[in-house]
Structure formats: structure tokens, C-alpha cells
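As numbered in mature numbering (1 follows the signal peptide of the UniProt record, and there is no 0), residues -27 to -1, 1 to 899 make up the sequence shown, in order.
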Amino acid sequence: SPSCSSRVWSVWSFLLFMWCLTHIVSGQIRYTIPEEMKRGSLIGNVAQDLGLDVQRLRSGRARIVTRQSIQYTELKTDKGILVVNERIDREQLCGDVTPCSFSFEVILENPMELHQVTVEITDINDNSPMFRKDEMKFEISESATLGSRFILPGAEDADVGSNGLQKYILTANDVFGLKQHSNPDGRKYAEMILQKPLDRESEPKITLKLIAVDGGNPHRSGTVNIDITVLDVNDNPPVFNQSVYRATVSENALKGTYITTVNASDADSGSNGLITYRFSNVKEQVTDIFYLDEVTGTVTLTGNVDYEKDKKYEIMIEAMDQGGLTDSSKVLIEIVDVNDNAPVINVMSFSSPVPEDSPSGTTVAIINVIDADSEKNGQVTCTTDSILPFKIKSTLRNYFALITDSPFDREVVQEYNITVRATDSGSPPLSSTTTLRLKISDVNDNAPLFDKRNYVAHLTENNSPGMSIFSVKARDIDWNQNARVSYFLEETQITGSPTSSYVSINTETGAVHAVRSFDYEQIKQLQLIVKAQDGGSPPLSSNVTVKILIQDQNDNPPQVLYPVQTGGSVVAEMVPRSADVGYLVTKVVAVDVDSGQNAWLSYKLQKATDRALFEVGSQNGEIRTIRQVSDKDAVKQRLSVIVEDNGQPSRSATVIVNVAVADSFPEVLSEFSDFPHDKEYNDNLTFYLVLALAVVSFLFITCLVVIISVKMYRWRQSRILYHSNLPVIPYYPPRYSDTLGTTGTLQHVYNYEVCRTTDSRKSDCKFGGAGSQNVLIMDPSCSGTMQRIQSEKSILDEPDSPLEVSCFFHVVGSGCGLLPVHHVFGGYYLSKIYRWRQSRILYHSNLPVIPYYPPRYSDTLGTTGTLQHVYNYEVCRTTDSRKSDCNFGRAGSQNVLIMDPSCSGTMQRMQSEKSILDEPDSPLEV
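This is how it looks when you write it as C-alpha cells:
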């Protein structure tokens, strides 16, 4: 600060105590500067005096808050200094009040700090004493006694202290002397005292000069002329009955209000006893407020008084008679304060929004409340609504801090309208309010919550992949990014596979989609965990269990477990002819891998040889007799039982039950030896039967053409065959009995290859089995010798073998040839005739076991000899023949026929033709 000023540090212990309680740092500093300093002049280093660095002033956005209409000071935050902003006139700012000072606050934020700064303005001698009039006139009787006093008009000096008015000087004379006095308020005035009797005849007029001098350096002064007229004798001056008159008036008193009356008396009579009253040595504004009746001495109110401006008035009243003699008295008028000023609320700082996790005691706002009234009328209390989580604490004088009283929850209340009310202690009390709108900012303190504790969804099996199953929904009551919910699948295992291989979830919508098609028979339910996670930092999440129940569809037909349907043999149930009504023949056992009503099975008798003899239990599948069995009933009974489930639409399976009505097994065997096991009843499929009949007719015509062609070709090859012992061995197609219906048509198309050499007695082919194929292997060293048939006609004139009817081989001259086979079956009886004729060939020749070479042997992969397909083969032999040296072995899943290299199987002529012809069909035929 300048050399003419001094810096005063003052730290109040009370402020320090309040700072500790309210988390607000506060301090107070005081500077003293002279008035009339130039703009920009240094007042003091605020940063240094408050113990702050310049960086703190900038980061805390330090600023000055003042109540004056003119901001006299400026804070330079970049340097931390306080400078003069406007010219300061102490007389204009404070008037006669000493010491003269003004205060303001320096506020910093983050954290909140409040510092009070007081600047005291010292006076300089820039005003000269001045008299209100340039001339004063006195009329003094010549009879005035020595020592008479004449009050001289006082001078006014706007300066104070030593620069103010100090003394009066009266020009030198021998008639009047000068005596100086001081009022209680510090103002000085002078009295002129008569020191020598007046003589009007010698000196009717006296002219003097009164000089008012201040104490400044250099001195300043003001003068007034005093003109004294000497009058004739009036030797009794007026005398007031009180030296001081006291009165009070309320500041809200109306104009014309009576205040007091002054009274003076004069012992003279006549005109010399008439007294007039007048104000003496008062400021001009006092005459605008008060009125003095010159005759009666009554003082009344003519203007407005304000306690906040002037608390009392001291008025000098002079009483003068007609002779010019005077007396003076003082009237002291005290202004009574009235509670006429409501508190004024100023929000110094306000922080909004506030995080919802702010602890209790967080400062939200700093409020300054000013009441211009005094004493109780100026005592202010600051309150807010008690239902809100806020309270107000007093920090410095007239400063209040709005702090939090309890934690916030933005999800309950997002913002508060805080009404701050300031009330004084007057009667009646006056108050004022202001409203602060405080917003609460969100904190990620709430995890997403699902709308259900767990989810159960249903999905019908055989769904399409990608199908939407259902959706989960979670809600986060936080706001904005904290409320953005994403959905994830927890990595769990379902039957050893990750959850993500079964279902997926849309992270935005929570829709759960099926990744694959489900089969109820493999998996009946899925249990997975869905996690909902918000977008906060750190994120919060919650889990929910989701159970997806797979619903069954009727996609599986019933499966018959008993009786077992085999393609190579006929299974028959025996019923004795003595069976009574209700005799349990057998029981059809079936299962359905579906569930619920889709697995409820019912049994019905679809077709039977004699419907009047048997019935089927609709629920248990039991086949019972419904009447007594008689001798007229056929031995062979064929029942077709349909097993149907309860699904929509329903699925069914048909089982053929063969029943033998006989008392002994030989009777059954003789009857069933001719039983066509390739015949199945499918009367319900009329359309397919008609279609099959048309196809068979077409194939039959085709076969006739092919047979003629083959016969011609064979006739040409007969010479070659005649000179060699190579018989044509029939090969029966695999699964001959497994045909559809009664048409004799195979379910698949088969192609076969035959390799052999012409005019040779040895086979050079060697075959190996690979994969799961069933093959017949012959070593290259194996030789099969076939003797010449005794009679050429026995072969050449014989009708075609069964092979020639059912399969047509295209024999190539040498090497191996490809022979397509068209499976055409003419019927059961035609087959029996061919089998009988073939048995004649077997009977009259020594036939070795000729290997059957696998179909499409040349169609292998690479050079490995591995077939591209799986083939099943059956071997046919005649019964009661000589033992074959072939060994059969089973390896892995392959059924192979292995012949040792040294193996030579020959079959001798059977002793009796009847031993073959009368024998039942071979095991294959049954």
C-alpha cells in the first residue's frame, strides 16, 4: 500500500470458530488509504495478506461483492492485488462520520471461501471552511452590559479531524472579544463578547471580520464580515427557560407532527420585550425537515425523517428581542426507529446441480441478508422449509450458508425448489423470501431390475433357427447413460455345451432367439441366466433366471416293440383249439417317444383273417379270442393291428401278427412252410396299389423283351459254356422278403457286378472287404472245379433259372462286365417253380461254393478297394448237402464270409432226388 496508508490485520476468534463448524474458510483484513487517490492506485496485496496464492484466486473465481452502488475497488486476480477503481471522496461517502470506511467481501469457490475486506478512508485537507453568508449584521444596544455575548454564525468544513475547522479569529479591536465553544457533536462555534461599553454617539457602526481556520497543512480558511449597528438602550436580553429541550419523533411520523415548543422571556417591556425565535447555526436540510414558529417557538415536522440516515438532530434556537438582545437554547430531537425495512436477500453463491451422493453438510449456497433497521428491527433470522433436506447456518454477520441436512436420492426427487425466508425481529416482523431451484445430478447407484423374478417361456420343438422366443425387460431408475440397459447371457453349460450355442439375446431389446432347432426328445428344457447391465461407471448389473420349456410335437410315430417284425422269418403265435373266450393270444407292445397325449397309444384291429375270432384291447394292445375256437377255423390267421397315438395330427404304425390255430408244432410248421412272408397287407393304400400294378405291368412287358434278347445271347454263348464246367449259380437279392405290400417290389434299386473268366477253371479275382461292407472274399489260390454236365440238354434246354427271371446278367466275353439288375418278382408260385427246377441242377452236378463278387466292385475310391456304399449280402445253400469248408467270421461291424485258400467245397450228388424236392424251403426262404 502507499506510504500514507497502513495495513491492519485482524483475525477474529469467532470467525475462526464458525469456519471450523461450517467448512467455509473466512477471514478479515483492513486497509487504510487517503481519499482522492487516482484510479488504479494500489490498496493492498490481498493474496499475500490472506495467505493465498494467485493461482487459487484464479481457480476459485475470486470476485468482490459490495453493497455500494459504486464499486470503488477492483481485485486484480492475476496479481492478487486490490486497486482503486473509482475516485473516493470521503465527504461524499461518509459526510461527518468518522472513521469513514466501507466493507466488501471477497468470495472464492471450490471450496467456498469468504473473506471480508474493510477499507478505511482517511481525510485530506481538500475543503476550506465556509460560512453560509458572506455578511452578518448585529444591532446592539449601547446599553449592553459588559460581557454580553453575541453568537456568531459558524463555518462548515467538510473535512474532519485535524483537517476540519479548528478555530475562529476575530479581527483586532478593543470593543469585542472572541470566545470559542464546541458542541457535543464536535462542531465549533464562537461568541463575540462585549469587552467595552458601546457608545452609539462615538461609534454607531462597527465592522469586523471573522476568520475560520482549519488544521490542515497548509491551512485553509474562510471569512465573513460582521456589521454591528449600535442601538439605543435595551438592557434586558431574552432568557430561555431551558438550556436544552429534548423531544422524540418516530421515523414514520406524518408531516405537521408536533415535536416541542421553546420558550424565552424578556424583562423589558414594550417593543423591547417582544421576542422572536429563529434557527441558529443549522444545516440547510434541517430547515427542510423542521419548522419553527417565530412567534410561538413551536417546532413541527415538515419533512420525512429516516432513522437509517440520521438517528438524532441537534438544533440551536435563538430568541431575540426588539433591542437585538438574544439568548440561545438547544433542542435535541431523537428519531425513534420503526420496523419499516424488510430484510434484503442477496445470493452470493449458488451451486447447481449437486450430485445425489453429496454428503450431509455440503454447502449449496451462501446468502447475505441486510436489514437497514437497527437493534431488534435489524436482527435477522434466516430459515427454509423444514420438510426439505436443507438447513441454514449463520457464518459471518448477516451471512448464512445453505447446507444439506440429509442424503439425496435423485430417483425420488430430481430437483428442489428451496424457499429461503429472512425475517427480522421487529413488531410486527417483516420478512422477504427468495426461491432457489436446485437440481440433483444422477449417480449410478441403482442396478437394473427385471420386471419379473424369473421367466418361464414355452417353445414348440422343431422350431426354425433364429426364431424369437420371448423378451426380458429390465428397468434402471437412474438417468441418461446410467439408465441405459444392455442384456447379456451368462456363460453357463447346458448338457456340456455353452448356452450361446442354444440361444442368443439382443443386447438392446432383450429379445431371446433360438440358435438351433430343438428336439423335445433330446432336451426338454433350458435354464439360463440373463444379465442386465447399465451404462454407468462403474456399471451395475443384476441377473435373472430364465427357464425355456420345450413343448412336444407329435413328430414321432409309435414304435412296435413286440411282436418283432423280421424280414427273414415268420413269427407266429399258437392258439390251441381248446382256447376259451378271452384267451390271451399275445400282446402288442408299442412305445411313442413323444410325451403327453402325443404318447397316448390306442390299438385297433385293422384287418384279420377272421374278425369274429379275435379282438384287440384299445388301451393295452392285448389280443384275445372273442369266441370259442372251433375246428373249422383256419390254422393260419393273419392279424393287422394299427397302433395310433393321440397327437394332432395323429401318427400310427402297423404290425402284422401271425396266429396259428393248432395244438401241435408240426401242424403249424407244415402249414406255415408255404406262408408267403413277403406279403403284407396294405389295403388302405388303394392308390399306391393301382400305381404299383401299372408299374409291374410295364416292367413285365419290358422283361419279356429283355428275356428274348438274353435267350438269344445265351444260345450263342452256349457252345462256350458247353466246353467248360461253369454253372450259373442263382443269387437271391438281399432282403427279398422285405417288400412293400403284396406286389413283390423291393424298396430300393440294386446293381450287381459279376466277374469271371470264360473257358477257364480258375478264378483270378480277389476281393477285400473295407469299412462296414459285408463281402465274400476268396483267395486267388482257391480253385473251384466244375465238371462237365453229363447232358448238354440238361442245361441248354432248361428254362431260365430263378436268377434269369428276377435278375438279368450281361456276360462279357472276357474279363468282368457290369450287369444292371431290375428286381421284378412275379409272385410266390412262379418263384417256387424256379426253385424246384434249380434244385435239379444242384442235384445233378458237383457245384462248388461260387463267390459272389460285390456290386460295383470297380466303382471304388482310389486304389484302396473301398466301396462307396454299404451292402448287405445273403448266402444261399441247399440243405442236407456235404459240409462246406468255408469259415465265417465276424469282425467289428462287418459280416464277412472268408474262404481259406485251400478251401474247395464240393457237393456230391444227392442220393435221392426226393431228399431235396420234398424238403421244406431253405432257411432263407422261411
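A virtual CB, placed ideally from N, CA and C, is assigned to each residue, including glycine.
Would residue 250 and residue 274 be called neighbours here (beta carbons separated by less than 7 Å)? no
Sort 617, 188, 404 by Cα distance to residue 528 and report the nearest one. 617
Tell me, to the nearest whole angstrom, how far the beta carbon of residue 286 is from that of residue 310; I am working on the premise that it is less than 8 Å. So it is not a contact: roughly 14 Å between Cβ atoms.
Helix, strand or coil, according to DSSP, for residue 89 in the structure here? strand
From the DSSP output, read off the bridge partner residues of residue -1. 88
Please report how far the alpha carbon of residue 613 lies from the alpha carbon of residue 534, in whole angstroms. 15 Å
Distance between residue 71 and residue 160 (C-alpha atoms, nearest Å): 13 Å
Nearest by alpha-carbon distance to residue 224: which of 354, 186, 276 is it? 276
Do you know how far the Cα of residue 112 is from the Cα of residue 269? 23 Å
Residue from 32, 155, 189 whose Cα sits closest to the Cα of residue 98: 189
Please say whether residue 589 and residue 552 have beta carbons closer to each other than 7 Å? no
Going by other Cβ atoms of all chains shown within 10 Å of its Cβ, with 16 needed for buried, is residue 469 buried or exposed? exposed
Which one or two residues does DSSP pair with residue 223 in a beta bridge? 309
Please report the Cβ distance between residue 4 and residue 79, rounded to the nearest whole angstrom; I am assuming they are in contact, meaning their Cβ atoms lie under 8 Å. Contact doesn't hold; Cβ gap of about 12 Å is too wide.
Runs of alpha helix (DSSP H) wholly within the region 139 to 171 (minimum 4 residues, chain order): none
For residue 381, which three-state DSSP category applies? coil
Do you know offhand how far residue 335's Cα is from residue 440's? 54 Å
With which residues is residue 515 paired in a DSSP beta bridge? 505
Minimum C-alpha distance to residue 176 - residue among 564, 168, 148: 148
Do you know how far the Cα of residue 667 is from the Cα of residue 592? 40 Å
Might you give, ordered along the chain, the residues of its own chain that have their beta carbon closer than 7 Å to the beta carbon of residue 436, omitting 5 neighbours on each side? 487, 490, 491
What does the alpha-carbon distance come out to for the pair residue 427 and residue 512? 22 Å
Report yes or no: is there a C-beta of chain C within less than 7 Å of the C-beta of residue 301? Checking the listed chains, one finds no chain C in this structure; it contains a single protein chain.
Based on Cα-Cα distance, which residue from 630, 554, 623 lies nearest to residue 597? 554
Supposed contact pair residue 354 and residue 396 - C-beta distance, whole angstroms, cut 8 Å: 6 Å
Among 347, 301, 138, nearest to residue 315 - alpha-carbon criterion: 347
Considering only C-alpha positions, which residue in the set 197, 135, 163, 684 is nearest to residue 191? 135
Could you tell me whether the region 603 to 610 touches the region 569 to 579, where touching means 3 or more Cβ pairs closer than 8 Å? no
Determine which residues share a DSSP beta bridge with residue 103 and list them. 129
Pair within 7 Å by beta-carbon distance, residue 200 and residue 239: no
Burial state of residue 187 (16 or more Cβ within 10 Å): buried
Secondary structure of residue 610, DSSP reduced to three states: strand
So, does the region 468 to 483 touch the region 402 to 409, judging by three or more C-beta pairs under 8 Å? no
Buried or exposed for residue 145, going by 16 or more other Cβ atoms inside 10 Å? exposed
Going by DSSP in three states, residue 480 sits in which element: helix, strand or coil? coil
In three-state DSSP terms, what is residue 495? coil
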